[in-house]
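S.K.: Pasting a structure here, questions to come.
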Amino acid sequence: MAASEEASRPFAGLSDVSIAEDIPVEGDISVPVGPSRRDDEFSTLDEPVKDTIMRDLRAVGNKFIHVLYPKRSSALLRDWDLWGPLLLCVTLALLLQGGAADHEDQGGPQFAEVFVIVWFGSIIITLNSKLLGGTISFFQSLCVLGYCIMPLTVAMVVCRIVLVISSGRVVFAVRLAVVTASFGWSTFASTAFLADSQPPNRKALVVYPVFLFYFVIAWMILTYSPQQ
Amino acid sequence: MSSGSGSRNTEPWGSFDDNLIQGGGSAVIDMENMDDTSGSSFEDMGEMHQRMKEEEEVAAEAAATEDDVADDGEFLGMKGLKGQLGRQVADEVWQAGKRQASKAFNLYANIDILRPYFDVEPVQVRNRLIESLIPVRMINFPQKIAGELYGPLMLVFTLVAILLHGMKTSGTVIREGTLMGTAIGTCFGYWLGVSAFIYFLAYLVNAQITMLQMLSLLGYGLFGPCIVLLVTYNIHFHFLFYGLWLLLGGLSTLRMVAALLSRTVGQTPRLLLCGTLGLLHMLFLLYLHFNYHTIVEGLLDSLEGHNMAPMQRVARDVPEVMLNATARNPGMLLKVVS
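Sequences listed follow chains A and B, in order.
For the first sequence, counting from 1, position 66 maps to 65 in numbering that gives the first Met the number 0; every step adds exactly one.
For the second sequence, counting from 1, position 130 maps to 129 in numbering that gives the first Met the number 0; every step adds exactly one.
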């Protein structure tokens, strides 16, 4: 007891420096330590994996439906995600592969080409719409443009199926009709979502790059010819 | 050792003893406790609060059990202290890093720098497109050149799309490269490269033109070639191409040349600048047409037989001029002419 007091005496004087015990200190010191625990009740860490996957799949499917029936809604914009665009881009790139004259030389670049066109095209269109004064965010725009590739992917599937059956003038006319229709659908769907975010007199300036983008993709689909 | 723990709960902010005795290894902890005089530093307040909380918990545990939990309590206190300090340090480092990164990002990757150049109305773009084919004869007074980038950028992308179309329909096969890469490289390379080159020449001869204006001028000057290529990639009629080349290519070149003339003083500088631009622009259109053209037999061999570039264009050996499906009927007449 005495030894402990002896030990603490050299430091006794220092013990009262910061806060004197007779002056009451009140207030709220909030300590910014560690992650906030606000969303414990919303924590999705404990749910089964199936729930997580199904929730994401349902969100993606919901957005596909919105693209199929484009109305002026904000569903695509509110909860954006890039799963759908990735899926569509990979599907399109795989389907377009091997359609060149010398396919053994161009099998690889074909896939990369489609990827680069889709993603860099979307980025450029997004930057353009932001520079023209759009109120949409970067990833929302990427999300919309990616999801609106869906009609073109469907057209690609149809074209491939039709080409397996036969090839000729009639088939070309059918393919042309299908690709043109899906290209128009894609452009219309994406402008239904994107146009609202622009000042009203500049809609044409935003729509043109979107038109060009889907035109290039539609052109790639139309000129796809399977290997002999 | 255990005696030091007894005095731990007497001071509200914690004592030195246990930390001095046991915390000899970590300089951070030592430093943290050494200068604890002001109590006004943020970390110290947080430290105090946290340690008080932890000590209360530990004290409650110690009261509940009968073991010698003093050591455990101290150990927990030490670990809690280290862990909490580590978290705070990490948090501070993260915040500082994030601030630095966002400052750098806002400085260099700020697209708002480009925003004034995209401030156009559709009517203005349409007017400028039409005006790019109408040369203005006033060369004694500097002509007004719009400094915008939307129109030129869209025109370059349109040219890329048209080139792709031309490459596909002509059956061009590109080895060690991709169609898209070639098209983008050609168009952007021309736009940016020739603009920079002419700007450099203009700087040498002291012409009154800025880089932005040069980019804008050359970009809008691509409108004529776009139309020419769109038409002639589908209808392969040589005289048609030559006529359009002279007409539309010539008009757009004249417009650019007149704008540059109006901003240059002196005969030789004018000749140099405008001659270079005119030559490059006309030759570019010629190059684009003939490069991705359905090959008449023997033509490609005579032009490129001996110098095989790494990026080879392989000619399709066709015995006659081929036309698209769109123009097949008039083509029968044209076959004789060509």
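Quick reminder that beta carbons are idealized off the backbone N, C-alpha and C, glycines included.
All values reported here derive from a predicted model rather than from experimental measurement.
#1: I want to see whether chain A comes within less than 8 Å of residue 177 of chain B, judged by CB atoms only; does it?
#2: Quick one: which chain A residues come within Cβ less than 9 Å of residue 113 of chain B?
#3: Can you tell me the Cβ-Cβ gap for residue 133 of chain A and residue 83 of chain A, rounded? I've got them flagged as a contact below 8 Å.
#4: Within 10 angstroms of the Cβ of residue 201 of chain B, are there 16 or more other Cβ atoms? Answer buried if so, exposed if not.
#5: In chain A, which residues lie with their C-beta within 7 Å of the C-beta of residue 117 of chain B?
#6: Using CA coordinates, which residue listed in A:186, A:171 and A:127 is at the minimum distance from residue 224 of chain A?
#7: Would you kindly work out how many angstroms separate the C-alpha atoms of residue 141 of chain B and residue 208 of chain B, rounded to a whole number?
#8: Can you pull the chain B neighbours of residue 134 of chain A, defined as C-beta to C-beta under 9 Å?
#9: Flag this pair as yes or no: are the beta carbons of residue 227 of chain B and residue 268 of chain B separated by less than 8 Å?
#10: Tell me which same chain residues have a C-beta within less than 8 Å of the C-beta of residue 215 of chain B, skipping the five on either side of it?
#11: Using a Cβ-Cβ cut-off of 8 Å (strictly less than) and excluding sequence neighbours within five positions of residue 167 of chain B, which residues of its own chain qualify?
#12: Mind checking if residue 355 of chain B is an interface residue toward chain A, Cβ cutoff 8 Å exclusive?
#13: Just to confirm, are residue 138 of chain B and residue 261 of chain B a CB contact at a threshold of 8 Å?
#14: What residue range is occupied by the uninterrupted alpha helix (DSSP H) comprising residue 181 of chain B?
#15: Would you say residue 214 of chain A and residue 182 of chain A are within 8 Å of each other, going by their C-beta atoms?
#16: If I follow the unbroken alpha helix (DSSP H) through residue 247 of chain B, where does it start and stop?
#17: Can you list the residues of chain A that residue 149 of chain B reaches, using a CB-CB cut of under 7 Å?
#18: Let me confirm a value: residue 259 of chain B is counted as buried when at least 16 other C-beta atoms fall within 10 Å, else exposed. Which label applies?
#19: State yes or no: is the beta carbon of residue 208 of chain A nearer than 8 Å to at least one beta carbon in chain B?
#20: Going by DSSP in three states, residue 257 of chain B sits in which element: helix, strand or coil?
#21: Can you tell me which of the three DSSP states residue 88 of chain B falls into?
#22: What is the DSSP secondary structure of residue 135 of chain B, counted as helix, strand or coil?
#23: Given residue 194 of chain B, which residues of its chain have a CB within under 6 Å of its CB, disregarding the five upstream and five downstream residues?
#24: So for residue 286 of chain B, helix, strand or coil by DSSP?
#25: Looking at residue 148 of chain A and residue 91 of chain A, is the spacing between their C-beta atoms short of 8 Å?
#26: Are the beta-carbon atoms belonging to residue 232 of chain B and residue 164 of chain B less than 8 Å from one another?
#27: Please decide whether residue 102 of chain A counts as near chain B, where near means a Cβ-Cβ distance under 8 Å.
#28: Report the neighbours of residue 118 of chain A on chain B: residues whose CB is nearer than 8 Å to its CB, in chain order.
#29: Going along chain B in order, which residues have a C-beta closer than 9 Å to the C-beta of residue 214 of chain A?
#30: Give me the Cα-Cα distance between residue 26 of chain B and residue 183 of chain B, rounded to the nearest whole angstrom.
#31: Given a threshold of 16 other Cβ atoms within 10 Å of its Cβ, counted over all protein chains shown, does residue 68 of chain A qualify as buried or as exposed?
#32: Could you check where the alpha helix (DSSP H) with residue 50 of chain A kicks off and where it finishes?
#33: Mind pulling the alpha helix (DSSP H) runs of 4 or more residues that sit fully within the region 155-221 of chain A?
#34: For residue 208 of chain A, is the classification buried or exposed, using 16 other Cβ atoms within 10 angstroms of its Cβ as the cut-off for buried?
M.R.: Taking the coordinates as given:
#1: yes
#2: 126 and 130
#3: Not a contact, Cβ separation roughly 21 Å.
#4: buried
#5: 130 and 131
#6: A:171
#7: 10 Å
#8: Within 9 Å Cβ-Cβ: nothing; residue 134 of chain A doesn't reach chain B, min ~14 Å.
#9: no
#10: 144, 145, 146, 147, 148, 150 and 151
#11: 178
#12: The structure shown does not extend to residue 355 of chain B, since chain B is modelled only from 0 to 337, so the question has no answer here.
#13: yes
#14: 178-203
#15: yes
#16: Taken as a continuous stretch (DSSP letters only), residue 247 of chain B belongs to no alpha helix (DSSP H), as it is neither H nor E.
#17: 204
#18: buried
#19: yes
#20: helix
#21: helix
#22: coil
#23: 213, 214 and 217
#24: helix
#25: yes
#26: yes
#27: Confidence at residue 102 of chain A is low in this model, with a pLDDT of 47, below 50, so the placement of that residue is unreliable and no value is reported for it.
#28: Those do not exist, as residue 118 of chain A stays about 12 Å from chain B at its closest Cβ, beyond 8 Å.
#29: 160
#30: No answer about residue 26 of chain B holds up, because its pLDDT of 45 lies below 50 and its placement is not dependable.
#31: exposed
#32: 48-67
#33: 168-193 and 202-221
#34: buried
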